[in-house]
Structure formats: structure tokens, C-alpha cells
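Engineer: Per the numbering used here, the very first residue in the sequence shown carries number 2; after that it's consecutive. One structure, as C-alpha cells, below. Some questions next.
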Amino acid sequence: MKKYFIYITILAIVAVGFYQKIYIPKHTFETIYPSSGNMSIRVNGVGNVGSKDLYKIGSIYGGKVSNFEINEGEFVKNGDLIAKVDYVDLADKVRESEANIKKLKNDIKSLNLDMQSARVQYQYQSKILQKNKMLFHKHAISELNFAKFKTNTDVAKLKVESIASKIDSFHDQMIQMNASLKGLKERLSRYTIKSPISGYVVKKLISNYAIINPNQTLIEVVDPKDVWVETHIDTRVSGSVKIGDRASIKLRSSSSIYKGVVSNIKPINNSVTNEREIDVSFDKLPIPFYLQEQAIVDIDIRELKDIVKVPTQAMSIYKEQEGVWIVSDGIIHFKPIKALAYSDHAIATKDISIKDRLVIPNPKKRSLSEGMKIYYD
Numbered sequence: 002m003k004k005y006f007i008y009i010t011i012l013a014i015v016a017v018g019f020y021q022k023i024y025i026p027k028h029t030f031e032t033i034y035p036s037s038g039n040m041s042i043r044v045n046g047v048g049n050v051g052s053k054d055l056y057k058i059g060s061i062y063g064g065k066v067s068n069f070e071i072n073e074g075e076f077v078k079n080g081d082l083i084a085k086v087d088y089v090d091l092a093d094k095v096r097e098s099e100a101n102i103k104k105l106k107n108d109i110k111s112l113n114l115d116m117q118s119a120r121v122q123y124q125y126q127s128k129i130l131q132k133n134k135m136l137f138h139k140h141a142i143s144e145l146n147f148a149k150f151k152t153n154t155d156v157a158k159l160k161v162e163s164i165a166s167k168i169d170s171f172h173d174q175m176i177q178m179n180a181s182l183k184g185l186k187e188r189l190s191r192y193t194i195k196s197p198i199s200g201y202v203v204k205k206l207i208s209n210y211a212i213i214n215p216n217q218t219l220i221e222v223v224d225p226k227d228v229w230v231e232t233h234i235d236t237r238v239s240g241s242v243k244i245g246d247r248a249s250i251k252l253r254s255s256s257s258i259y260k261g262v263v264s265n266i267k268p269i270n271n272s273v274t275n276e277r278e279i280d281v282s283f284d285k286l287p288i289p290f291y292l293q294e295q296a297i298v299d300i301d302i303r304e305l306k307d308i309v310k311v312p313t314q315a316m317s318i319y320k321e322q323e324g325v326w327i328v329s330d331g332i333i334h335f336k337p338i339k340a341l342a343y344s345d346h347a348i349a350t351k352d353i354s355i356k357d358r359l360v361i362p363n364p365k366k367r368s369l370s371e372g373m374k375i376y377y378d
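Listed below in C-alpha cells is the structure:
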């Protein structure tokens, strides 16, 4: 009898120890209450940093490139020198044309002086002719002498007309030579390559002193205002997105979150992936930036007011349903809930209240089940 009593005592001690050291800890869980407030409804997608426009800068003429010292990642301003292309004898032709125009101007100036002299001579001969005409009518001079004075006047007039014709011809030549010089200078200017915009050089396609073909691209430039994230969002959730919606951008190369705005929505869906391309611009472009870098974009499409927010750590899956475990008088019951929106740390719903005490599941403890008795803090 004494022996059985000892066994019973030992079993009782073991049972009490098991209950206190194992059973109670395994059935004791942390709990938490939902909160209330506003929550933004978001859609998200993955994309890459791209640009609205990519400016390809090159030369319409071929030749050897020089003064091409610019590098990728540098910022160029509108009008900055990019490179020069060897123009052979084009500059000599420009100087020759300028010299010819200068000589032509001097010739016109000289002819204008001759014109003044010829006009004076013509006026002088005209006066002499008029005087001798009166004498001729009075038979004071012979017809032969009168004809001589008339011939001198006609010769003076012809000289004036001849000089005027030469001046007009030289002016026509001047117009032609100026047009030719303008064309030469325009062509010469195109051998000097300047940036048409301000932006960052994202690609350098040749090296200095390389030989290029006509219309070959030297560099590619991106205007910072054109940089955005080309993100792809499932068509089923993209319908509520509109231009002007606020967004946040997470780049793969950075832990920072950048603010942005939806600036473009492509009108055609991808027929293979059933996704829509939505372009999100940066409020402030991170420098440096990298085209084709992967990014995650969250777009705020609307805000829920005074909604119940369930911490994600309290969410569970039970019998293929998503919901929470609610404890009442030490007994738990599973409550399926419908998520209206998601944030990084909470889920918005209308299916429970902020007074419901929620159990936080713990994989190191006993699995939760309907009607189970638990202990909680």
C-alpha cells in the first residue's frame, strides 16, 4: 500500500510539473487589439527606370571625331560642345568666300565713285548740248558741230548706264555669294556638335578620334524631367489608377522611398501578361539614377476613412479562409474577414471591431483550433 502511494505521489508531481512547465506555456499566447483610422488603398507593380524621351546626338556628316572628351554620367547643358568632326578644307572655302565678298564690296564702292563722276560728266554734257542746240537753231553753228555735242552727251549717258549695270550685276553676285557663304557656315557649324538639350549622358557610343559615318549617334542624353518608372500592373486592379495619383517608389539600389506621381497610362494592355504599363515620375529624381534599374511602385488610388486596422501578425489561415482568432473568456473562435486594403503592417476590414481581442499565432506553440481554451497575457 505504501508502495502504491509513493507511485501516485510521483505521478501527481510529474503531472503538476507537466501542466505548469509545458501545458500552460504551450497554451499561452500574446493578444492584441485592432486599431481604427484611415488607410490608403494601393495597387502595386514592378517596373524599370526609363525615360519619356531618349535624345540621340550625332553628326549628319562623316569624318574623324575630335574634342570628344565627355563621359557617361556627366551633365551637359543646352549648347555645350559635344565634339567636332574633321571638316577638311571647308573652313578654307569659308575664308575664300569671305575674301571674295570683301573684294566685291570694294569693287561696288569704287563703281559708285565712278558713277558719281559719270553723272557729273553727263550733266555737264547735257548743259553744253542745250546751249549749242539754241545756237544750232539760230544757225550760229553747223549741224556737224551740233552732232558732235549730241554724241558726247549720249556717250556720257551710256557710261552712266554701263556703270549702273555693273553695280547691279555686282549686287546680284553679292547675293549669290552671301547665300553660298551662309550655306558653307551652316555646314561648317554642323561639323561642330552641340547638345540641343540639358541632361545626363547615359551612353557614349564611340571613343575620341574614331571615324564615324554620316548620321551616326555619338551619345545618348536624358532630360531629368523625362525620367520615370515604367511599371506594369495587373489589368484587374489598374482600372482605378488615374493620372495625378500619388505614388511611392522603391529602387533596388536604395533603401529610400521616393515620392512620385502617375504621369502617363499607356492605352494598350499587354496581351500576353494582361498587364497595363503605367509610368510614374519622380517628385525629385535621385542622383545618380540608372536606366533599366528595377523598382517597386505603390500607387494610392483612394483612402478609407475610420476603418478597423488589423495587425498582419494577427492574421491566420484556417480551413482555407483568411481571418483572425478572437478570444472570449479563454475560448477562441475563428472569424473570417474580408480585407479591404493592405498596408505594410495592417489589413483594413469592417468585419470586426476594435474591442475584439485577437490572438497572435505562434508556430512554436500549440496550433490554434476552433473552441480551444488558451491562456493570454
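Cβ coordinates follow ideal geometry from the N, Cα and C atoms, glycine included.
May I ask you to report which of helix, strand or coil DSSP gives K365?
Structural biologist: Within the sequence shown, numbered from 1, the residue matching residue 365 stands at position 364. Three-state result, K365: coil.
Engineer: Helix or strand or just coil, what does DSSP make of T274?
Structural biologist: Indexing the sequence shown from 1 puts residue 274 at position 273. Here T274 sits in coil by DSSP.
Engineer: When we look at the beta-carbon of S196 and count the other beta-carbons within 10 Å, is it buried (16 or more) or exposed?
Structural biologist: Translated into positions along the sequence shown, residue 196 becomes position 195. Buried.
Engineer: Are the beta-carbon atoms of L359 and Y34 separated by less than 8 Å?
Structural biologist: By one-based count along the sequence shown, residue 359 stands at place 358. By one-based count along the sequence shown, residue 34 stands at place 33. Yes; because the gap between Cβ atoms is below 8 Å, this pair is in contact.
Engineer: Within 10 angstroms of its Cβ, does T350 collect 16 or more other Cβ (buried), or is it exposed?
Structural biologist: Against the sequence shown, residue 350 aligns to sequence position 349. Flag for T350 reads buried.
Engineer: Under DSSP, the alpha helix (DSSP H) around R237 begins and ends at which residues?
Structural biologist: As a position in the sequence shown, residue 237 is number 236, starting the count at 1. Run containing R237: 236-239, per the alpha helix (DSSP H) assignment.
Engineer: Would you give the residue range spanned by the beta strand (DSSP E) that E323 belongs to?
Structural biologist: Walking along the sequence shown from the start, residue 323 turns up at place 322. Looking at the DSSP string, the run of the beta strand (DSSP E) that includes E323 is 322-329.
Engineer: Give the straight-line distance between the Cα atoms of E99 and S60, rounded to the nearest whole angstrom.
Structural biologist: Counting from one through the sequence shown, the residue named residue 99 turns up at place 98. Counting from one through the sequence shown, the residue named residue 60 turns up at place 59. Roughly 25 Å separates the two Cα atoms.
Engineer: Just curious, the beta strand (DSSP E) that P225 is in, first and last residue?
Structural biologist: Stepping through the sequence shown from its first residue, residue 225 is reached at position 224. First-last for P225: undefined, no H or E at that position.
Engineer: Out of E97, K149, D352, T154, which has the shortest C-alpha to C-alpha gap to A342?
Structural biologist: Here residue 342 refers to the residue found at position 341 of the sequence shown. The candidate whose alpha carbon is nearest that of A342 is D352.
Engineer: Can you tell me whether F137 is helix, strand or coil according to DSSP?
Structural biologist: Here the question's residue 137 lines up with position 136 in the sequence shown. In this structure, F137 counts as helix in the three-state DSSP scheme.
Engineer: From the DSSP output, in three-state form, read off E304 for me.
Structural biologist: Taking the sequence shown and counting its residues from 1, one reaches residue 304 at position 303. Here E304 sits in strand by DSSP.
Engineer: Would you tell me roughly how many angstroms separate the C-alpha atoms of N49 and M373, rounded to the nearest one?
Structural biologist: Indexing the sequence shown from 1 puts residue 49 at position 48. Indexing the sequence shown from 1 puts residue 373 at position 372. Their Cα atoms are separated by approximately 49 Å.
Engineer: DSSP on F19, reduced to helix/strand/coil?
Structural biologist: Taking the sequence shown and counting its residues from 1, the one referred to as residue 19 is at position 18. Residue placement at F19 cannot be trusted, given a pLDDT of 44 that sits under 50; what the coordinates show is reported in the next sentence. Helix at F19.
Engineer: Can you give the Cα-Cα distance for A340 and I348, rounded to whole angstroms?
Structural biologist: Taking the first residue of the sequence shown as position 1, residue 340 is located at position 339. Taking the first residue of the sequence shown as position 1, residue 348 is located at position 347. Approximately 6 Å, taken between the alpha carbons.
Engineer: Kindly identify the DSSP beta-bridge partner or partners of N49.
Structural biologist: On the sequence shown, residue 49 is found 48 positions in, with the first residue counted as 1. N49 is bridged to E231, Q295.
Engineer: Is any beta-carbon of chain B found at less than 8 Å from that of N49?
Structural biologist: Of the protein chains in the structure, only one exists, and it is not chain B.
Engineer: Alpha carbon to alpha carbon, what distance is there between I213 and R43?
Structural biologist: Position 42 of the sequence shown, counted from the start, is the residue given in the question as residue 43. Position 212 of the sequence shown, counted from the start, is the residue given in the question as residue 213. Roughly 50 Å between the two C-alpha positions.
Engineer: Ends of the beta strand (DSSP E) at A248?
Structural biologist: As a position in the sequence shown, residue 248 is number 247, starting the count at 1. Taken as a continuous stretch (DSSP letters only), the beta strand (DSSP E) holding A248 covers 247-252.
Engineer: So the candidates are G64, N153, I375, K139; which of them puts its Cα closest to the Cα of T218?
Structural biologist: Stepping through the sequence shown from its first residue, residue 218 is reached at position 217. It is G64.
Engineer: Using beta-carbon positions only, say whether N39 and K205 come within less than 8 Å of one another.
Structural biologist: As a working note, residue 39 is residue 38 in the sequence shown. As a working note, residue 205 is residue 204 in the sequence shown. No, the Cβ-Cβ distance between N39 and K205 is not below 8 Å.
Engineer: Taking contact to mean at least 3 C-beta pairs separated by less than 8 Å, is the stretch 162-172 in contact with the stretch 106-121?
Structural biologist: Yes, the stretch 162-172 is in contact with the stretch 106-121.
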